[in-house]
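Just below is one structure, and these are the notes that go with it.
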Amino acid sequence: MNARAARTLLGVLVLVLLIPPSSADAIPTAALVEAEAVDTPDDGGGSITVRWPGIPGAHVVRLSRREFGGRDSLIVVTESAAEEGEYQDNEVVDGVAYEYRLEALLRFPPGPGGAMEELTTGVVSLGPVSSSGQWFHTGRLNILIAVIVLTSLIMFYIERARRGASIFVRRIAGLEAVDEAVGRATEMGRQILFLPGTQDMDNVQTLAGLAILGRVGRLSAQYDARLEVPVSRSLVMVAARETVKEAYLSEGRPDGHREEMVYYLTDDQFGYAAALEGMMAREAPAAVFMLGCFYAESLLLAENGNAAGAIQIAGTAEASQLPFFVAACDYTLIGEELFVAGAYLSKEPRQLGSLKGQDMGKAIILLLLVVGIILQTSGVVDAASWFTVR
Amino acid sequence: MSGDAGVWIAAFLTLGIFSFLYRDNPVYKFCESIFVGVSAGYWFVSLFWQNIYPKLIVNLSGAARDLFSPPAVGQATTGGAVRDTLSQAMEGAAASGGMDGRWLYLGAGILGVMMLLRLVPKIGWISRWPLAFIVGSTAGLYFITYLQSNAISQIHNTLVPLVGPGRGTFLGLGLPFHIDWDALFIFVGTFCGLVYFFFSVEHKRVAGGVARVGILFIMVTLGASFGYTVMSRMSLLIGRMDFLFGSWLGLTQ
Numbered sequence: 001m002n003a004r005a006a007r008t009l010l011g012v013l014v015l016v017l018l019i020p021p022s023s024a025d026a027i028p029t030a031a032l033v034e035a036e037a038v039d040t041p042d043d044g045g046g047s048i049t050v051r052w053p054g055i056p057g058a059h060v061v062r063l064s065r066r067e068f069g070g071r072d073s074l075i076v077v078t079e080s081a082a083e084e085g086e087y088q089d090n091e092v093v094d095g096v097a098y099e100y101r102l103e104a105l106l107r108f109p110p111g112p113g114g115a116m117e118e119l120t121t122g123v124v125s126l127g128p129v130s131s132s133g134q135w136f137h138t139g140r141l142n143i144l145i146a147v148i149v150l151t152s153l154i155m156f157y158i159e160r161a162r163r164g165a166s167i168f169v170r171r172i173a174g175l176e177a178v179d180e181a182v183g184r185a186t187e188m189g190r191q192i193l194f195l196p197g198t199q200d201m202d203n204v205q206t207l208a209g210l211a212i213l214g215r216v217g218r219l220s221a222q223y224d225a226r227l228e229v230p231v232s233r234s235l236v237m238v239a240a241r242e243t244v245k246e247a248y249l250s251e252g253r254p255d256g257h258r259e260e261m262v263y264y265l266t267d268d269q270f271g272y273a274a275a276l277e278g279m280m281a282r283e284a285p286a287a288v289f290m291l292g293c294f295y296a297e298s299l300l301l302a303e304n305g306n307a308a309g310a311i312q313i314a315g316t317a318e319a320s321q322l323p324f325f326v327a328a329c330d331y332t333l334i335g336e337e338l339f340v341a342g343a344y345l346s347k348e349p350r351q352l353g354s355l356k357g358q359d360m361g362k363a364i365i366l367l368l369l370v371v372g373i374i375l376q377t378s379g380v381v382d383a384a385s386w387f388t389v390r
Numbered sequence: 391m392s393g394d395a396g397v398w399i400a401a402f403l404t405l406g407i408f409s410f411l412y413r414d415n416p417v418y419k420f421c422e423s424i425f426v427g428v429s430a431g432y433w434f435v436s437l438f439w440q441n442i443y444p445k446l447i448v449n450l451s452g453a454a455r456d457l458f459s460p461p462a463v464g465q466a467t468t469g470g471a472v473r474d475t476l477s478q479a480m481e482g483a484a485a486s487g488g489m490d491g492r493w494l495y496l497g498a499g500i501l502g503v504m505m506l507l508r509l510v511p512k513i514g515w516i517s518r519w520p521l522a523f524i525v526g527s528t529a530g531l532y533f534i535t536y537l538q539s540n541a542i543s544q545i546h547n548t549l550v551p552l553v554g555p556g557r558g559t560f561l562g563l564g565l566p567f568h569i570d571w572d573a574l575f576i577f578v579g580t581f582c583g584l585v586y587f588f589f590s591v592e593h594k595r596v597a598g599g600v601a602r603v604g605i606l607f608i609m610v611t612l613g614a615s616f617g618y619t620v621m622s623r624m625s626l627l628i629g630r631m632d633f634l635f636g637s638w639l640g641l642t643q
């Protein structure tokens, strides 16, 4: 018998063994010995898990808690059917020792007085036990391995690229068309509308959109085109203004830059869409870029841009909105194509190295898929379990 | 027909927005301006009461009050009525003798003030620091999230046995095993779709062929998604029609 079981056994207090003579049921309160209270594993703290076995003969289990050694009365934290179960008590403070009392109860229909009759058939005290946070979640070891492998690959290829190794990037039509769209707007003397999506700077799609804005800004500076960037988030406005300003400065055209090129409309999704619809109808932009995170406004914007006769380049990783862009835009960057735009357009070695590293990560995933499906099909190993994330 | 002035205003604005279906016009322009202006104001107030007040003002004022007049043992800390999970956990840490974590919000407040320094041209460059903090921390946080949801979980869900026990048939031929066509379809689609997203390989020959199958799968998926999403948009339209014909005109129940 291990120490915990011994401690638990010692803690068992069969306080009531008053079984009604009429009841023929055996009440094996000994089952309560198997109950345990432990610090919830793999969590950030503030939680204790109490587990109990099925208790034959009892109807209900009631769990109560108080600070260990304290004189406070017990607080009932839960009641449930007397089947095998567990309860996570998330109302505890880390480092404070608690004791739990688990009672097995019999309940009888209300008597003449109207109240439900209740009989405690067994009690066990559990504890002391305290909660604490864990630094490492053992159920996420696979994520750690994936992070190490992927970052190692990316760093390796970035280093290679910095040393001058040439990295091939296949042609992406939507990004090739950026120059064409800006050139067309310049020739027509009409506006370029750049929309970085409706989400904030904590969305990677917005970041990817701003990477392309840098390129569009540089081309606008070169061609002296009219660029407008209406945004729906204040932080995006700040970042976009920095991006456009940087683009104009890098092209030696600070005189062509105006802060008002980037301006805020509203945070509201459909308010933003309504304003842009009107703007597209009135200004008839020659080129519309919709690159970032879009939701239900995607078709409203794409359809209006199309009606205005603009060349449209869109890109998002929102799978539910991609069909609308594919249907109404000239070019669409699908999912990850949006994220590689920065590397593709800048040809900067570090970004290209990162791109190559990610491709190698995908190659490993392909290999794992093939090997995993063979193992899974043959039944030799449950390969899928390696990729279970708790 | 409704006698509520609010319903009449809402109906007018709804019709004003719908008038864009004909062409751009002054009524639409008027409704659009109201929509943009009111929503911008609404979001400003909403963000203040959902973020700045409960997270910054309540936490910092509560922490400052407890610093100068610590609560008695067992007494609740003075965090205020609106507290989030993090601040409650922090209060717990403070109650158990640790540092009062609510002071961490001071860092966020300082970052916010640094962002506002944009308004002072001479030191406007300081506003880049909080921006860099947001971009960097976001990239780090989402790296794990996306790796988990877009890679590890995808692999897990793809690894399903392609054949199972029991007899099956293929092209009229009897087989001693049963082919799971769904699993096979998912595996081929995932494999080929992933090959399409290889950027450092020219899509020619074998890679080109596989990528072509991949984009085919993607397009079929997008087509299905198109239909599904259009139906959900129809429900939005029905909602507005219901408002116009029911709540406003009283023609429907």
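Taken in sequence, the protein lines are chains A and B.
Here the first sequence stands for residues 1 to 390, numbered as in the numbering used here.
Here the second sequence stands for residues 391 to 643, numbered as in the numbering used here.
Cβ atoms here follow ideal geometry from the backbone N, Cα and C, with glycine treated the same way.
Inset, instruction - Please classify Gln-672 (chain B): is it buried, with 16 or more other beta-carbons within 10 angstroms of its beta-carbon, or exposed? - result: Absent from the model: residue 672 (chain B). The displayed extent of chain B is 391 to 643, so no value can be given.
Legend entry - chain A within 8 Å of Gly-613 (chain B), Cβ atoms only: For the purposes of this step, residue 613 (chain B) is taken as residue 223 along the second sequence, with counting starting at 1. Gly-613 (chain B) has a beta carbon lying within less than 8 Å of a beta carbon in chain A.
Inset, instruction - State buried or exposed for Ile-212 (chain A), treating a residue as buried only when at least 16 other CB atoms are found within 10 Å of its CB. - result: The count along the first sequence starts at 1 and reaches residue 212 (chain A) at position 212. Under this definition Ile-212 (chain A) is a buried residue.
Inset, instruction - Compare the Cα-Cα distances from Phe-581 (chain B) to each of A:Gly-372, A:Arg-390 and A:Thr-377 and report the closest residue. - result: If you number the second sequence from 1, residue 581 (chain B) lands on position 191. For the residues A:Gly-372, A:Arg-390 and A:Thr-377, the minimum Cα distance to Phe-581 (chain B) belongs to A:Gly-372.
Legend entry - Outcome for Glu-422 (chain B) when other beta-carbon atoms lying within 10 angstroms are tallied against a minimum of 16: Translated into positions along the second sequence, residue 422 (chain B) becomes position 32. Buried: at least 16 other Cβ atoms inside 10 Å.
Inset, instruction - Compute the distance between the beta-carbons of Ala-30 (chain A) and Ala-104 (chain A), then report whether it is under 8 Å. - result: On the first sequence, residue 30 (chain A) is found 30 positions in, with the first residue counted as 1. On the first sequence, residue 104 (chain A) is found 104 positions in, with the first residue counted as 1. No, the pair does not count as a contact, with Cβ atoms beyond the cut-off.
Inset, instruction - Show which residues of chain B have a CB atom less than 8 Å away from the CB atom of Thr-377 (chain A). - result: The residue labelled residue 377 (chain A) in the question sits at position 377 within the first sequence. Result: Pro-551, Leu-552 and Val-553.
Inset, instruction - Check Pro-285 (chain A) in the structure and name its three-state DSSP category. - result: Along the first sequence, one-based indexing puts residue 285 (chain A) at 285. Three-state result, Pro-285 (chain A): coil.
Legend entry - Cα-Cα separation between Leu-552 (chain B) and Ala-384 (chain A), rounded to whole angstroms: The residue you call residue 552 (chain B) lines up with position 162 of the second sequence. The residue you call residue 384 (chain A) lines up with position 384 of the first sequence. Taking C-alpha positions only, Leu-552 (chain B) is separated from Ala-384 (chain A) by approximately 13 Å.
Legend entry - Rounded C-alpha distance that separates Ser-23 (chain A) from Glu-36 (chain A): Indexing the first sequence from 1 puts residue 23 (chain A) at position 23. Indexing the first sequence from 1 puts residue 36 (chain A) at position 36. Residue placement at Ser-23 (chain A) cannot be trusted, given a pLDDT of 39 that sits under 50; what the coordinates show is reported in the next sentence. Cα-Cα distance, rounded: 29 Å.
Inset, instruction - Indicate whether at least one CB of chain A lies closer than 8 Å to the CB of Val-472 (chain B). - result: As a working note, residue 472 (chain B) is residue 82 in the second sequence. Low per-residue confidence applies at Val-472 (chain B): pLDDT is 44, beneath 50, and the placement is therefore not dependable enough to give any value.
Inset, instruction - Can you pull the chain A residues whose beta carbon is under 8 Å from the beta carbon of Lys-445 (chain B), in chain order? - result: In the second sequence, counting from the first residue as 1, residue 445 (chain B) sits at position 55. Within chain A, no residue comes near Lys-445 (chain B); the closest Cβ sits about 15 Å away, beyond 8 Å.
Inset, instruction - Specify, as a first and last residue, the run of the beta strand (DSSP E) that Glu-67 (chain A) falls within. - result: On the first sequence, position 67 is the one that residue 67 (chain A) refers to. It spans 60-67 - the beta strand (DSSP E) in which Glu-67 (chain A) sits, taken as one unbroken run.
Inset, instruction - Compare the C-beta of Val-528 (chain B) with all C-beta atoms of chain A and state if any pair is closer than 8 Å. - result: Taking the second sequence and counting its residues from 1, one reaches residue 528 (chain B) at position 138. Reading the sequence as shown, one finds Thr at residue 528 (chain B) and not Val. Yes, its Cβ sits closer than 8 Å to a Cβ of chain A.
Inset, instruction - Would you give the residue range spanned by the alpha helix (DSSP H) that Phe-324 (chain A) belongs to? - result: In the first sequence, counting from the first residue as 1, residue 324 (chain A) sits at position 324. From DSSP, the alpha helix (DSSP H) with Phe-324 (chain A) extends over 322-328.
Legend entry - Where Trp-52 (chain A) sits in the DSSP three-state scheme: Numbered from 1 along the first sequence, position 52 holds the residue referred to as residue 52 (chain A). Under the three-state reduction of DSSP output, Trp-52 (chain A) falls in the strand class.
Inset, instruction - Quick one: list the residues of chain B neighbouring Pro-323 (chain A), beta-carbon separation under 8 Å, in chain order. - result: Here residue 323 (chain A) refers to the residue found at position 323 of the first sequence. Chain B residues near Pro-323 (chain A): Leu-612, Gly-613, Ser-615, Phe-616 and Thr-619.
Legend entry - Cβ neighbour criterion (16 or more within 10 Å) applied to Gly-452 (chain B): In the second sequence, the residue the question calls residue 452 (chain B) occupies position 62. By the neighbour-count definition (other C-beta atoms within 10 Å, threshold 16), Gly-452 (chain B) is a buried residue.
Legend entry - Leu-531 (chain B), buried or exposed, once every other Cβ within 10 Å from all chains shown has been counted against 16: Here the question's residue 531 (chain B) lines up with position 141 in the second sequence. Leu-531 (chain B) comes out exposed.
Legend entry - Cβ shell of Met-395 (chain A) (< 6 Å), same chain only, five flanking positions each side left out: Since the displayed chain A opens at 1 and closes at 390, residue 395 (chain A) lies outside it and no answer follows.
Inset, instruction - Taking only beta-carbon positions, decide if Ser-320 (chain A) is within less than 8 Å of chain B. - result: Taking the first residue of the first sequence as position 1, residue 320 (chain A) is located at position 320. By this cut-off, Ser-320 (chain A) is an interface position.
Inset, instruction - Could you please tell me which residues of the stretch 591-605 of chain B, in chain order, have their CB closer than 8 Å to any CB of chain A? - result: Here the close residues are Val-591, Glu-592 and His-593.
Inset, instruction - Kindly say whether Asp-224 (chain A), judged by its beta-carbon, lies nearer than 8 Å to any beta-carbon of chain B. - result: Position 224 of the first sequence, counting from 1, holds the residue named residue 224 (chain A). For Asp-224 (chain A), not one C-beta of chain B is nearer than 8 Å to its own C-beta.
Inset, instruction - With DSSP collapsed to three states, give me the class of Tyr-536 (chain B). - result: On the second sequence, position 146 is the one that residue 536 (chain B) refers to. The three-state reading of DSSP puts Tyr-536 (chain B) in helix, counting H, G and I together.
Inset, instruction - Identify every residue that forms a DSSP beta bridge with Ala-31 (chain A). - result: Within the first sequence, numbered from 1, the residue matching residue 31 (chain A) stands at position 31. Note: Ala-31 (chain A) sits in no beta bridge, so no partner.
Legend entry - Partner residues on chain B for Lys-362 (chain A), Cβ-Cβ distance less than 8 Å: One-based indexing of the first sequence puts residue 362 (chain A) at position 362. Near Lys-362 (chain A) (Cβ distances below 8 Å), the residues of chain B are Leu-584, Phe-587 and Phe-588.
Legend entry - Residue(s) in a DSSP beta bridge with Glu-242 (chain A): The count along the first sequence starts at 1 and reaches residue 242 (chain A) at position 242. None; Glu-242 (chain A) has no bridge partner.
Legend entry - chain B contact residues for Phe-168 (chain A), given Cβ-Cβ distances below 8 Å: For the purposes of this step, residue 168 (chain A) is identified with residue 168 of the first sequence, where counting begins at 1. The answer, in chain order, is Ser-590, Val-591 and Glu-592.
Legend entry - Cα-Cα separation, Ser-622 (chain B) to Arg-163 (chain A): The residue you call residue 622 (chain B) lines up with position 232 of the second sequence. The residue you call residue 163 (chain A) lines up with position 163 of the first sequence. Each residue's alpha carbon lies about 52 Å from the other.
Legend entry - Interface positions of the stretch 250-282 of chain A facing chain B (Cβ-Cβ less than 7 Å), listed along the chain: Answer in chain order: Leu-265, Thr-266, Asp-267, Asp-268, Gly-271, Ala-274, Ala-275, Glu-277, Gly-278, Ala-281 and Arg-282.
Legend entry - Contact check, Ile-545 (chain B) vs Phe-289 (chain A), beta carbons under 8 Å: The sequence position of residue 545 (chain B) within the second sequence is 155, counting from 1. The sequence position of residue 289 (chain A) within the first sequence is 289, counting from 1. Taking 8 Å as the Cβ cut-off, Ile-545 (chain B) and Phe-289 (chain A) do not qualify as a contacting pair.
Inset, instruction - State yes or no: is the beta carbon of Phe-387 (chain A) nearer than 8 Å to at least one beta carbon in chain B? - result: Within the first sequence, numbered from 1, the residue matching residue 387 (chain A) stands at position 387. Yes, Phe-387 (chain A) lies at the interface with chain B (some Cβ there is under 8 Å from its Cβ).
Inset, instruction - With DSSP as the reference, label Glu-228 (chain A) as helix, strand or coil. - result: The sequence position of residue 228 (chain A) within the first sequence is 228, counting from 1. Correct three-state label for Glu-228 (chain A): strand.
Legend entry - CB contact check: Lys-245 (chain A) to chain B, cutoff 8 Å: For this step, residue 245 (chain A) is matched to residue 245 along the first sequence. Not an interface residue.
Inset, instruction - Kindly confirm or deny that the stretch 396-413 of chain B and the stretch 227-239 of chain A touch, where touching means at least three C-beta pairs closer than 8 Å. - result: The stretch 396-413 of chain B makes no contact with the stretch 227-239 of chain A; the number of CB pairs closer than 8 Å stays below 3.
Legend entry - Pairwise C-alpha distance: Asn-547 (chain B) and Asn-142 (chain A): The residue you call residue 142 (chain A) lines up with position 142 of the first sequence. The residue you call residue 547 (chain B) lines up with position 157 of the second sequence. Taking the straight line from one Cα to the other gives about 15 Å.
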